[in-house]
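Residue numbers (my numbering): 18 to 129.
Okay, here's the thing in structure tokens:
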């Protein structure tokens with residue numbers, strides 16, 4: 018099976034690239050690809066606070082369809098965000114080595 022990772026590095030408010038990245042990951046997943054959604058850098062803000070309803074629903078549907086959602090631990094730490102405050106289901110907080118493994122194992126990597 019072809020696997021893909023979508024890496025979100027942009028914060029959601031005022032930046033359509035984050036939304037496009039989440040849509041891309043969801044579309045790949047619906048298309049039958051094994052998909053991992055990775056949040057790092059300012060992209061971690063997509064997992065906290067209030068977000069547009071459609072964005073939160075899309076991330077929830079991604080998780081419900083057995084999509085893997087990961088977040089880089091150092092990015093949360095640098096921004097003072099506690100892992101317990103993440104508002105998406107099934108988010109795995111991982112280290113940089115795990116992110117490197119995910120990227121290495123994927124056939125396709127998209128960065129938004």
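Glycine residues also receive a C-beta, built at the ideal position from the N, C-alpha and C atoms.
Span of the alpha helix (DSSP H) around residue i
i          : result
residue 79 : 70-81
residue 39 : 33-47
Element boundaries [beta strand (DSSP E), containing residue i]
i           : result
residue 54  : 51-56
residue 111 : 108-111
residue 88  : 85-89
Residue i, buried or exposed, once every other Cβ within 10 Å from all chains shown has been counted against 16
i          : result
residue 47 : exposed
residue 27 : buried
residue 85 : buried
residue 25 : buried
residue 57 : buried
Sub-8 Å separation of residue i and residue j beta-carbons
i           : j           : result
residue 76  : residue 35  : no
residue 50  : residue 21  : yes
residue 124 : residue 19  : yes
residue 61  : residue 37  : no
residue 64  : residue 108 : yes
Other residues of its chain near residue i: CB distance less than 7 Å, five sequence neighbours each side excluded
i          : result
residue 82 : 46
Contacts around residue i, its chain only, beta-carbon distance under 6 Å, and the 5 residues preceding and following it disregarded
i           : result
residue 132 : Residue 132 lies beyond the stretch modelled for the chain, which goes from 18 to 129, so this question has no answer here.
Are three or more beta carbon pairs between the region 84-91 and the region 102-120 nearer than 8 Å? yes
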